[in-house]
Amino acid sequence: MAYLIEEGASMRMFTDHPASVGETYGEHLGMASGFGFRMILGGLACLVHGILPFLFTKTGSRIVTELHGRMVTHRNRHAAADSRQTA
(Lines of atoms letter the chains of each structure in order from A and count residues from 1; the text may use other names and numbers.)
(Lines give C-alpha, C1' and ligand atoms only; values in the text may rest on other atoms or scores of the structure.)
Protein backbone atom coordinates (compact mmCIF):
# COMPACT_ATOMS: atom_id res chain seq x y z
CA MET A 1 0.00 0.00 0.00
CA ALA A 2 2.91 2.37 0.58
CA TYR A 3 3.45 2.29 -3.18
CA LEU A 4 0.13 4.05 -3.68
CA ILE A 5 1.07 6.92 -1.38
CA GLU A 6 4.63 7.75 -2.43
CA GLU A 7 5.33 10.05 -5.36
CA GLY A 8 6.84 8.23 -8.33
CA ALA A 9 5.75 4.97 -6.80
CA SER A 10 3.66 3.92 -9.77
CA MET A 11 6.79 3.42 -11.88
CA ARG A 12 8.63 1.59 -9.09
CA MET A 13 5.78 -0.93 -8.87
CA PHE A 14 6.84 -2.06 -12.34
CA THR A 15 10.61 -1.80 -11.95
CA ASP A 16 11.63 -2.75 -8.37
CA HIS A 17 11.28 -6.51 -8.68
CA PRO A 18 12.78 -6.79 -12.18
CA ALA A 19 15.74 -4.70 -11.00
CA SER A 20 16.18 -6.98 -7.97
CA VAL A 21 16.82 -9.90 -10.35
CA GLY A 22 19.02 -7.87 -12.70
CA GLU A 23 16.47 -7.24 -15.44
CA THR A 24 14.65 -4.33 -17.01
CA TYR A 25 10.87 -4.37 -17.06
CA GLY A 26 10.88 -5.57 -20.69
CA GLU A 27 13.42 -8.32 -20.02
CA HIS A 28 11.42 -9.49 -17.02
CA LEU A 29 8.20 -9.45 -19.04
CA GLY A 30 9.83 -11.62 -21.70
CA MET A 31 11.31 -14.09 -19.20
CA ALA A 32 8.13 -14.39 -17.13
CA SER A 33 5.94 -14.73 -20.22
CA GLY A 34 8.19 -17.43 -21.62
CA PHE A 35 8.09 -19.32 -18.33
CA GLY A 36 4.33 -18.96 -18.11
CA PHE A 37 3.80 -20.22 -21.65
CA ARG A 38 6.01 -23.28 -21.03
CA MET A 39 4.16 -23.97 -17.77
CA ILE A 40 0.82 -23.86 -19.57
CA LEU A 41 2.09 -26.27 -22.23
CA GLY A 42 3.45 -28.59 -19.53
CA GLY A 43 0.16 -28.45 -17.66
CA LEU A 44 -1.83 -29.28 -20.77
CA ALA A 45 0.51 -32.19 -21.51
CA CYS A 46 -0.04 -33.48 -17.96
CA LEU A 47 -3.83 -33.23 -18.35
CA VAL A 48 -3.71 -35.17 -21.62
CA HIS A 49 -1.35 -37.70 -20.02
CA GLY A 50 -3.84 -38.21 -17.19
CA ILE A 51 -6.53 -39.20 -19.70
CA LEU A 52 -4.26 -40.99 -22.17
CA PRO A 53 -1.34 -42.28 -20.08
CA PHE A 54 0.59 -43.51 -23.10
CA LEU A 55 1.01 -39.91 -24.33
CA PHE A 56 3.40 -37.27 -22.95
CA THR A 57 4.91 -39.74 -20.46
CA LYS A 58 7.87 -37.46 -19.66
CA THR A 59 6.81 -34.09 -21.01
CA GLY A 60 5.61 -32.52 -17.75
CA SER A 61 8.67 -33.52 -15.75
CA ARG A 62 10.98 -32.52 -18.61
CA ILE A 63 9.45 -29.04 -18.78
CA VAL A 64 9.65 -28.57 -15.00
CA THR A 65 13.31 -29.64 -15.03
CA GLU A 66 14.06 -27.34 -17.97
CA LEU A 67 12.38 -24.34 -16.34
CA HIS A 68 14.14 -24.96 -13.03
CA GLY A 69 17.47 -25.16 -14.83
CA ARG A 70 16.82 -21.93 -16.72
CA MET A 71 15.78 -20.12 -13.57
CA VAL A 72 18.79 -21.28 -11.54
CA THR A 73 21.22 -20.55 -14.40
CA HIS A 74 19.69 -17.11 -14.90
CA ARG A 75 19.81 -16.37 -11.16
CA ASN A 76 23.44 -17.55 -10.89
CA ARG A 77 24.47 -15.52 -13.93
CA HIS A 78 23.06 -12.33 -12.38
CA ALA A 79 24.58 -13.11 -8.97
CA ALA A 80 28.00 -13.56 -10.59
CA ALA A 81 27.63 -10.29 -12.50
CA ASP A 82 26.61 -8.47 -9.31
CA SER A 83 29.61 -9.84 -7.39
CA ARG A 84 31.96 -8.71 -10.18
CA GLN A 85 30.48 -5.20 -10.08
CA THR A 86 30.90 -4.87 -6.30
CA ALA A 87 34.47 -6.25 -6.29
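Whatever position you read off the sequence shown (first residue = 1), add 1332 for my numbering. Idealized CB from N, CA, C, for every residue including glycine.
Local conformation of residue i per DSSP, three classes
{"i": "Glu1355", "result": "coil"}
{"i": "Phe1367", "result": "helix"}
{"i": "Pro1350", "result": "helix"}
{"i": "Thr1405", "result": "helix"}
{"i": "Leu1376", "result": "helix"}
{"i": "Thr1389", "result": "coil"}
{"i": "Leu1361", "result": "helix"}
Separation of residue j from residue i, as counted between CA atoms
{"i": "Gly1375", "j": "Gly1392", "result": "7 Å"}
{"i": "Arg1370", "j": "Leu1399", "result": "8 Å"}
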